[in-house]
Each structure stands twice: as C-alpha cells, then as structure tokens.
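*Asks:* Start counting the sequence shown at 1; every next residue gets the next number (UniProt numbering). My structure is below; once you've seen it, I'll send some questions.
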Amino acid sequence: MPVTRGPRRPPNRGASGSQRADLLELFFDLAFVAGLAMTSQKMAAEPTWTGFAQALLALSTLWAVWVTTTLVTDSYSPRSRPIPFVILAAMFGVMLMSAALPGAFGDHGLIFGGTWAAIILGRGLVLIRSLRGRQEQERSVRALVWNLGSGTLWVVGGLLDDPGWRLAVWLVALAADYIAYGFRFPIPGRPPLPQYRVVPEHLAERYQQIYILSLGELVLISVLSLSHQPFSAHRLATFGTAFLTAVVLWWSYARGARPSATPSSRPGTGPGWCRPIRTPTG
Numbered sequence: 001m002p003v004t005r006g007p008r009r010p011p012n013r014g015a016s017g018s019q020r021a022d023l024l025e026l027f028f029d030l031a032f033v034a035g036l037a038m039t040s041q042k043m044a045a046e047p048t049w050t051g052f053a054q055a056l057l058a059l060s061t062l063w064a065v066w067v068t069t070t071l072v073t074d075s076y077s078p079r080s081r082p083i084p085f086v087i088l089a090a091m092f093g094v095m096l097m098s099a100a101l102p103g104a105f106g107d108h109g110l111i112f113g114g115t116w117a118a119i120i121l122g123r124g125l126v127l128i129r130s131l132r133g134r135q136e137q138e139r140s141v142r143a144l145v146w147n148l149g150s151g152t153l154w155v156v157g158g159l160l161d162d163p164g165w166r167l168a169v170w171l172v173a174l175a176a177d178y179i180a181y182g183f184r185f186p187i188p189g190r191p192p193l194p195q196y197r198v199v200p201e202h203l204a205e206r207y208q209q210i211y212i213l214s215l216g217e218l219v220l221i222s223v224l225s226l227s228h229q230p231f232s233a234h235r236l237a238t239f240g241t242a243f244l245t246a247v248v249l250w251w252s253y254a255r256g257a258r259p260s261a262t263p264s265s266r267p268g269t270g271p272g273w274c275r276p277i278r279t280p281t282g
C-alpha cells in the first residue's frame, strides 16, 4: 500500500547543526541592497518633507521584509524545504517592490503594497502547512491573523488615488506590522506567546552582512554619481564626504564588533524586529 506523505517539516536551525548564514541568505541580501539604491534615488528626486516621508516608509517596509525573512532562517534551516522557496519568493517580492518604489505613490501603488501583502500572507500559509503538529505552528497562525488585517490595509492603500491618504493608510499598516512582531502577535483571550528564541551566531553574521552590503551600496552610488557628471571642486568635495561617511560608519561598527565580543553559544531571546545592528555581537 502506498504511503501518503505529509508536507516536509523544516528542522530547527539548532537541530540542523549549522549556525552560519547560508549562501542563499546572502543572495537574498542583494535584493534588499537594490531596494536601498531605489530609496536613495527617490530621496534625491524628491528632496521635500513629503518625499522624505514616502522614502522612509518604503525603506521601513523593505526592512520589514529583510527582518522577517531573517527571523525565519534563524528559526529553521534554510536548506530544508520549504524554506528555500520562502526565501526566493521574498527575494522576488523585494525586487518587484524596489522596481515599483519610484511610483509607489503614483501608478505603482498597488504593486508595491500588494506585493508586501502577498509576501507576508503567502509565507504564513506555507509555514502553517509545514509546521503542522508542531508548537511553532501557533505563532504562524497568529501572524497570519495579524497579517490579514495589515495586508488588507496595504492593498486598500495601493488602490487610493490620493498620495496623502495612501501614505496615511500605509503608515497604519506598517505600524500594525511592527507592533505585531514586537509584541509577538497578541490575540485577545489567548495567552502570550513565548519569547523569540534566536541563534546569536547566526543573527550576528546576518546583521554584519547586511551592514557591509549597505555600505557597499553607499560606495557604489557615490562612484556612479560622480562618473555621470563633469568633475568639479564641489562634486569632488561631495564625493570625499560620502567616502569619509562610509569610513566612519564602517569604523564605528568594526570597533563594536571586535573579536573580544563573542556571542553566547546558546540560543538567546528577543523580538529580533527592531534589533540594533551591533546587538547580536555586543
């Protein structure tokens, strides 16, 4: 008699043996760096308070994609199905959101907001199915409940024609996403979920990688900006300032991430949501 197989269940990262970041995770970071570049272009194209607010919301949304995806790979082995598909789907979503970012408050609003909604809802459904029969499934179920609410707001905001109303609705949706992860998806009448269990070695490496890649984006934008314009004293001074800024940012991080600050080998606890970049190693 043929045996019916259920969905493959991803092992916890601690059980898989490896505490290091996987190459697929670094590959995913490239999409986030592309989003940083598009955010920089939007801020340069619209140097107003409204443009800054729109760019900051877009950046915060892309950061939410990165953090939530990193939390998934910190909990489950990225080499076991369906986690690689979850990472690649999030990567495609970030690329699509980045491409739509310049027009996120224009004609491409539904693409930007709808893609983020699809990422969080699709990931929730996949994890619920994969974690069937495990305690971790309850967290995914609660996340899906919250994401249904915030995802609806992201789609509704994308359908609005007025950029001001779209910004307001998306700010509410983004706040709901941050609150949900920060307070571990509270549900009235249900006991609170336990603290997030994190692998310090893995999170430290992930934050180091994204920090260095972000500095690389700053260097790349500086070089491209100078190469497309005639050289002048003003532009060279701006280029030098950008370089010094990158050096100072790298130096301040390198001093905090010195080898003496070794993380504990035991899994830690924390939301992992708005975690400062130097926290995992300090």
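C-beta atoms are modelled at their ideal positions from N, C-alpha and C, and glycine is treated no differently.
Give, in chain order, every unbroken run of the alpha helix (DSSP H) that is at least 4 residues long and sits entirely within the region 40-81.
*Replies:* Those alpha helix (DSSP H) runs which fall completely within the region 40-81 and span 4+ residues are 49-75.
*Asks:* Which residues in the same chain as A55 place their Cβ atom closer than 7 angstroms to its Cβ, once the five residues preceding and following it in sequence are excluded?
*Replies:* Residue mapping note: residue 55 aligns to position 55 of the sequence shown, counting from 1. Answer for A55: T39, K42, M43, listed in chain order.
*Asks:* I'd like the span of the alpha helix (DSSP H) that includes I187, first residue to last.
*Replies:* Along the sequence shown, one-based indexing puts residue 187 at 187. Unbroken run through I187: none, as it is neither H nor E.
*Asks:* Give the DSSP-derived three-state secondary structure of P2 in the structure shown.
*Replies:* Here residue 2 refers to the residue found at position 2 when the sequence shown is read from its first residue. Only weak support is given to the placement of P2: the predicted model assigns it a pLDDT of 46, under 50, and the question is left unresolved by the model.
*Asks:* Please state whether DSSP places E136 in a helix, a strand or coil.
*Replies:* Locating residue 136 in the sequence shown gives position 136, counting from the first residue. In the structure shown, E136 sits in coil (DSSP, three-state: anything other than H, G, I, E or B).
*Asks:* Considering only residues of the same chain and omitting the five flanking positions on each side of Q229, which have a CB-CB separation below 7 angstroms?
*Replies:* Stepping through the sequence shown from its first residue, residue 229 is reached at position 229. Counting only Cβ-Cβ distances below 7 angstroms, and skipping sequence neighbours, we find R235.
*Asks:* Would you mind stating whether L24 and P78 have Cβ atoms separated by less than 8 angstroms?
*Replies:* Residue mapping note: residue 24 aligns to position 24 of the sequence shown, counting from 1. Residue mapping note: residue 78 aligns to position 78 of the sequence shown, counting from 1. Yes, the pair counts as a contact, with Cβ atoms nearer than the cut-off.
*Asks:* What separation, rounded to the nearest whole angstrom, lies between the Cα atoms of residue 287 and V247?
*Replies:* No answer is possible for residue 287: the residues shown for the chain start at 1 and end at 282.
*Asks:* If contact is defined by three or more beta carbon pairs under 8 angstroms, each pair taking one atom from either stretch, is the region 125-140 in contact with the region 105-114?
*Replies:* Short answer: they don't touch.
*Asks:* Taking the CB atoms as reference points, tell me whether S98 and A45 lie closer together than 8 angstroms.
*Replies:* Along the sequence shown, one-based indexing puts residue 98 at 98. Along the sequence shown, one-based indexing puts residue 45 at 45. Contact flag unset, no.
*Asks:* Helix or strand or just coil, what does DSSP make of P230?
*Replies:* Within the sequence shown, residue 230 is the residue found at index 230, counting from 1. Looking at P230 - three-state DSSP - the assignment turns out to be coil, as it is neither helix nor strand.
*Asks:* Is the Cβ-Cβ distance between residue 300 and L121 less than 8 angstroms?
*Replies:* Nothing in the structure corresponds to residue 300, since the chain is present only between 1 and 282.
*Asks:* For S214, which residues from the same chain have a beta carbon less than 8 angstroms from its beta carbon, with the 5 sequence-adjacent residues on both sides left out?
*Replies:* Locating residue 214 in the sequence shown gives position 214, where the first residue counts as 1. Around S214: V33, L36.
*Asks:* Could you compute how far the alpha carbon of A131 sits from the alpha carbon of T48?
*Replies:* Residue mapping note: residue 131 aligns to position 131 of the sequence shown, counting from 1. Residue mapping note: residue 48 aligns to position 48 of the sequence shown, counting from 1. Inspection of the sequence shows that residue 131 is occupied by Leu rather than by Ala. Near 46 angstroms, if we compare the C-alpha coordinates of T48 and L131.
*Asks:* Nearest-angstrom Cα distance between D161 and L167?
*Replies:* Here residue 161 corresponds to residue number 161 of the sequence shown, with the count starting at 1. Here residue 167 corresponds to residue number 167 of the sequence shown, with the count starting at 1. Cα to Cα, the separation comes out at about 11 angstroms.
*Asks:* For a test of the three-state rule: what should DSSP assign to D177, helix, strand or coil?
*Replies:* Along the sequence shown, read from residue 1 onward, the residue named residue 177 stands at position 177. Correct three-state label for D177: helix.
*Asks:* Comparing C-alpha positions only, which one of F112, G216, A233 sits nearest to T245?
*Replies:* Here residue 245 refers to the residue found at position 245 when the sequence shown is read from its first residue. Of F112, G216, A233, the residue nearest in Cα terms is G216.
*Asks:* Does the beta-carbon distance from I83 to T68 come in below 8 angstroms?
*Replies:* As a first step, residue 83 is located in the sequence shown; it is residue number 83 there, counting from the start. As a first step, residue 68 is located in the sequence shown; it is residue number 68 there, counting from the start. No.
*Asks:* Alpha helix (DSSP H) containing A118: first to last residue?
*Replies:* Counted from its first residue, the sequence shown places residue 118 at position 118. 109-130 is the span of the alpha helix (DSSP H), which, as asked, contains A118.
*Asks:* Mind checking whether I111 and A118 have CB atoms under 8 angstroms apart?
*Replies:* Against the sequence shown, residue 111 aligns to sequence position 111. Against the sequence shown, residue 118 aligns to sequence position 118. Taking 8 angstroms as the Cβ cut-off, I111 and A118 do not qualify as a contacting pair.
*Asks:* Please report the residue range of the alpha helix (DSSP H) in which G93 lies.
*Replies:* As a first step, residue 93 is located in the sequence shown; it is residue number 93 there, counting from the start. Looking at the DSSP string, the run of the alpha helix (DSSP H) that includes G93 is 83-100.
*Asks:* Counting only the same chain and skipping the five closest in sequence on each side, list residues whose C-beta sits under 7 angstroms from that of I221.
*Replies:* Position 221 of the sequence shown, counted from the first residue, corresponds to residue 221. Counting only Cβ-Cβ distances below 7 angstroms, and skipping sequence neighbours, we find A37, S40.
*Asks:* Looking at C-beta atoms only, is the number of pairs between the region 167-183 and the region 197-215 that lie closer than 8 angstroms three or more?
*Replies:* No: fewer than three Cβ pairs fall under 8 angstroms.
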